[in-house]
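*Asks:*
Protein chains in written order, with my numbering: chain Y, 1 to 177; chain S, 1001 to 1393.
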């Protein structure tokens, strides 16, 4: 399907069924508003992704393509795709529209990550749900390699490299040393 | 193609093209030349001048100067009016002017002039008491448009002129670009000093405009050079375009199709309002206070650029006030000045009809529009609000 098809016959319009997680994004500059919802199955993969939007054509086609692309992926892989809005548009001018689409998807993934982290009852506290990295591993990496920023932690052990919902937690760990 | 964007520009009328044709062929001279060919050109130019004067009710054809466009007429008249009153540094205008006036006034503010920007109410109307209160001894110029390009709302030009004349020594300029050819205009019965018009809004080609300068008003030339236009505006007269403008004015004066256009606009508007729950008109609907051809409608909670693209796909041309669509990435200043909520401003569409629109075209548009809006409403994240609107019908 071409970008034009994704605008005139957008795919995945609506809201995902339970168990679903919702993310919202809006632009003060252009007045567009978006909500994205993802449904996660028992294998922790995105079984469905849907969107609702009031915004320009580039936004609509970006959301249609993005929701198609992430079906079947893990939330972590979906978050990585959402870090590359440029792949959704033909033209740099429209990057902010694609980025808004990605922001809404990331917000939905963060909701999921927060829920998983909250319900985690494993032996060690789970910090990064996208890449399944525990608090103990992050502390060890920080101590051994003398890391001082979240970016360094991501490079060292992947923690924080997905949806980003754990960044404040990683920062807390860094700050407490 | 169904063209409902006549406020953006109009098709050149066949009568206008026919009148211009000889001047694109064997009648190619320069009206300033002393030979026979030149004299023929000069005659044609002066005949056009009469035709323009007749349409807008100028007392004398010598009050008409040809320019290249409405923007030039606006820029020249405003700067010229200020140049002749150097010790007066106050200007009064409105928040809903066309960019040619608005951007110039913003520039003038940067140059040290003080500008009063009169606001409008929710219907797009001015408060004349606010105008009265703003006039000062150092007000050099009042510039107020006659018809708003987005909503079609008409400002009370005669009354405003009377107020300006009674209470000040300011000059009164009117941007009449959207009104000429759509409503009757009789400048000799008013206190308007300067009046701008543009050919391509009334079925003449782009690239020609005119400025009315009341007898007795001094306006130093903007474009300086040769003695064309009786020394008022240099530049070789674009004879084909001038002839075209004259023919277009004559056509407008003779036609009596305003009622037909108004009928089609009213049909389009009232049918939309009764069949589409989230539709609302922006601006005065009362007959005397709005152009007969314009309907600015907000489809709340959906995006105007989307609506435009869906209409475009089936060959219908309109324009939108939504932010993303504009080059400045800001939603329409006129709608903002009217306090239209952003969820409505973002979904605004301007339908502007013209001489060549038919009942079939209007009915076809009415046939496709509800489906387009319904699809976009189904996609909108404002579903609760839309449900409430659609349920209450």
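Glycine included, each C-beta is placed from N, C-alpha and C at the ideal position.
Since residue 1114(S) sits in a beta bridge, which residues does DSSP pair it with?
*Replies:* Looking at the DSSP assignment, residue 1114(S) forms a beta bridge with 1090(S).
*Asks:* Alpha carbon to alpha carbon, how far is residue 71(Y) from residue 1305(S)?
*Replies:* Their backbone Cα atoms lie some 28 Å apart in a straight line.
*Asks:* Grouping DSSP H, G and I as helix and E and B as strand, with all else coil, what is residue 1255(S)?
*Replies:* Residue 1255(S) falls in the coil class under three-state DSSP.
*Asks:* Can you give me the Cβ contacts of residue 12(Y) inside the same chain, cut-off strictly under 7 Å, excluding the 5 residues immediately before and after it?
*Replies:* Excluding residues within five positions, the ones whose Cβ falls inside 7 Å are 49, 50, 51, 64, 67 and 68.
*Asks:* Could you tell me if residue 62(Y) is buried or exposed, where buried requires 16 or more neighbouring beta carbons within 10 angstroms of its beta carbon?
*Replies:* Looking at its Cβ environment, which holds 16 or more other Cβ atoms inside 10 Å, residue 62(Y) is buried.
*Asks:* When the cut-off is 7 Å and only beta carbons count, does residue 35(Y) lie next to chain S?
*Replies:* Chain S, which has a Cβ nearer than 7 Å to the Cβ of residue 35(Y), makes this yes.
*Asks:* What does residue 1162(S) touch in chain Y if you count any residue whose Cβ is under 9 Å from its own?
*Replies:* Residues of chain Y passing the Cβ test: none, with the nearest at roughly 40 Å.
*Asks:* Less than 8 Å between the CB atoms is what I'm expecting for residue 1179(S) and residue 1147(S), so what's the real figure, rounded?
*Replies:* Indeed they touch by this definition, with Cβ atoms about 4 Å apart.
*Asks:* When the Cα atoms are used, what is the spatial distance from residue 58(Y) to residue 1375(S)?
*Replies:* Roughly 17 Å separates the two Cα atoms.
*Asks:* CA-CA distance, residue 1219(S) and residue 1073(S)?
*Replies:* Rounded to the nearest angstrom, the two C-alpha atoms are 12 Å apart.
*Asks:* Taking the CB atoms as reference points, tell me whether residue 1355(S) and residue 1055(S) lie closer together than 7 Å.
*Replies:* Going by C-beta atoms, residue 1355(S) is not nearer than 7 Å to residue 1055(S).
*Asks:* Taking the beta strand (DSSP E) that residue 1227(S) belongs to, which residues open and close that run?
*Replies:* Taken as a continuous stretch (DSSP letters only), residue 1227(S) belongs to no beta strand (DSSP E), as it is neither H nor E.
*Asks:* Check distances from the C-beta atoms of the stretch 35 to 59 of chain Y to those of chain S and list, in chain order, the residues that come in under 9 Å.
*Replies:* Going along the stretch 35 to 59 of chain Y in chain order, one finds 35, 51, 52, 53, 54, 55, 56, 57, 58 and 59 with a Cβ nearer than 9 Å to chain S.
*Asks:* Which residue from 1202(S), 1143(S), 1228(S) and 1226(S) puts its Cα closest to that of residue 1193(S)?
*Replies:* Looking at the Cα atoms, 1143(S) is the closest of the given residues.
*Asks:* Which term fits residue 4(Y), buried or exposed, when burial requires 16 or more other beta carbons within 10 angstroms of its beta carbon?
*Replies:* Per the 10 Å Cβ criterion, exposed.
*Asks:* Opposite residue 1296(S) in the DSSP bridges: which residues?
*Replies:* Note: residue 1296(S) sits in a beta bridge opposite 1350(S).
*Asks:* Is there a C-beta anywhere in chain S that falls below 7 Å from the one on residue 31(Y)?
*Replies:* Yes, its Cβ sits closer than 7 Å to a Cβ of chain S.
*Asks:* Runs of 3 residues minimum, wholly inside the stretch 1132 to 1206 of chain S: which ones carry the beta strand (DSSP E) assignment?
*Replies:* Here the runs fully enclosed are 1139 to 1143, 1171 to 1175 and 1194 to 1198.
*Asks:* With a CB to CB cut of under 7 Å and the five nearest residues on each side skipped, what residues in its chain are close to residue 129(Y)?
*Replies:* Taken in chain order, the residues that qualify are 113, 116 and 117.
*Asks:* Output yes if chain Y places a C-beta closer than 7 Å to the C-beta of residue 1333(S); else output no.
*Replies:* So no, residue 1333(S) is outside the interface.
*Asks:* Sorry if obvious, but does the Cβ on residue 99(Y) come closer than 6 Å to a heavy atom of the ligand NAP?
*Replies:* Of the ligands one can find in the structure shown there are none, so the ligand NAP has no counterpart to examine.
*Asks:* Between the C-alpha atoms of residue 1062(S) and residue 1267(S), what's the straight-line distance to the nearest angstrom?
*Replies:* Computed Cα separation, rounded: 41 Å.
*Asks:* Am I right that residue 1203(S) and residue 1012(S) are in contact with their C-beta atoms under 8 Å? What's the rounded C-beta distance?
*Replies:* Right, their Cβ atoms sit about 6 Å apart.
*Asks:* Could you check which residue in 1053(S), 1002(S) and 1025(S) has the C-alpha nearest to that of residue 1248(S)?
*Replies:* When only C-alpha atoms are compared, the closest one is 1053(S).
*Asks:* With a floor of 3 residues, list each beta strand (DSSP E) that falls wholly inside the stretch 108 to 159 of chain Y, ordered by position along the chain.
*Replies:* Correct list: 126 to 128.
*Asks:* For the beta strand (DSSP E) containing residue 1213(S), name the first residue and the last one.
*Replies:* It spans 1209 to 1213 - the beta strand (DSSP E) in which residue 1213(S) sits, taken as one unbroken run.
*Asks:* Please name the residue, chosen from 1291(S), 1093(S) and 1295(S), that lies closest to residue 1280(S) on a Cα-to-Cα basis.
*Replies:* Closest by alpha carbon: 1295(S).
*Asks:* Measuring alpha carbon to alpha carbon, tell me which residue in 1076(S), 1303(S) and 1137(S) is nearest residue 1381(S).
*Replies:* The shortest C-alpha separation from residue 1381(S) is found at 1303(S).
*Asks:* With a cut-off of 8 Å, do at least 3 Cβ pairs link the stretch 1235 to 1248 of chain S to the stretch 1346 to 1354 of chain S?
*Replies:* Too few Cβ pairs lie closer than 8 Å, so no.
*Asks:* Taking a Cβ distance cut-off of 8 Å, strictly less, list which residues of the stretch 87 to 106 of chain Y are near chain S, in chain order.
*Replies:* So the list reads 97, given in the order they occur along the chain.
*Asks:* Rounding to the nearest angstrom, what Cα-Cα distance links residue 78(Y) and residue 156(Y) in this structure?
*Replies:* Approximately 21 Å, taken between the alpha carbons.
*Asks:* Residues of the stretch 1283 to 1308 of chain S in Cβ contact with chain Y at a cutoff of 7 Å, in chain order, please.
*Replies:* Of all residues in the stretch 1283 to 1308 of chain S, 1301, 1302, 1303, 1305 and 1306 have a Cβ within less than 7 Å of some Cβ in chain Y.
*Asks:* Have a look at the DSSP bridge pairing and note the partners of residue 991(S).
*Replies:* The displayed coordinates of chain S run from 1001 to 1393. Any statement about residue 991(S) would go beyond what the structure contains.
*Asks:* Going by CA-CA distance only, name the one from 1278(S), 1347(S), 1332(S) and 1311(S) that's closest to residue 1003(S).
*Replies:* Ranking the options by Cα distance to residue 1003(S), first place goes to 1311(S).
*Asks:* Considering Cα atoms alone, identify which of 1278(S), 1185(S) and 1021(S) is closest to residue 1377(S).
*Replies:* Minimum Cα distance to residue 1377(S) is reached at 1278(S).
*Asks:* Taking only the alpha-carbon atoms, compute the straight-line gap between residue 95(Y) and residue 10(Y) and give it to the nearest angstrom.
*Replies:* Straight-line Cα distance between these residues: approximately 19 Å.
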